[in-house]
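Peer 1: Could you have a look at this structure, given as structure tokens, before my questions?
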Amino acid sequence: MESFFSRLKVELVCAKNYSSIEVWKSGIFKYIEIFYNLKGRHSANDDMSPIAFEEEAAIVV
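One rule links them: number in my numbering = place in the sequence shown (from 1) + 755.
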């Protein structure tokens, strides 16, 4: 979790100016649901995204 929040702060929170709390919430949601879960590679998952890792695990089981 510490690694996740560190990346979130560096890549999203500190890198942009938000005009409202709603825009900020939308940006956080998009980062997690679109980038982090679908495209982000994670060393703990053999450099696969969480979604790809789960799909592969479901096929194996």
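We put the beta carbon where it would ideally sit given N, CA and C, even for glycine.
Using C-beta distances below 8 Å, list every residue in its chain close to residue 772, excluding the 5 sequence neighbours before and after it, in chain order.
Peer 2: Excluding residues within five positions, none has a Cβ falling inside 8 Å.
Peer 1: Taking only runs that begin and end inside the segment 772-809, name each unbroken alpha helix (DSSP H) of 4 or more residues, in chain order.
Peer 2: Qualifying alpha helix (DSSP H) stretches, in chain order: 776-785.
Peer 1: If you follow the alpha helix (DSSP H) that residue 763 is in, where does it begin and where does it stop?
Peer 2: Looking at the DSSP string, the run of the alpha helix (DSSP H) that includes residue 763 is 757-763.
Peer 1: Are the beta-carbon atoms belonging to residue 783 and residue 767 less than 8 Å from one another?
Peer 2: Result yes, Cβ atoms of residue 783 and residue 767 sit closer than 8 Å.
Peer 1: How many angstroms separate the CA atom of residue 809 from the CA atom of residue 780?
Peer 2: Distance between the alpha carbons of residue 809 and residue 780: 26 Å.
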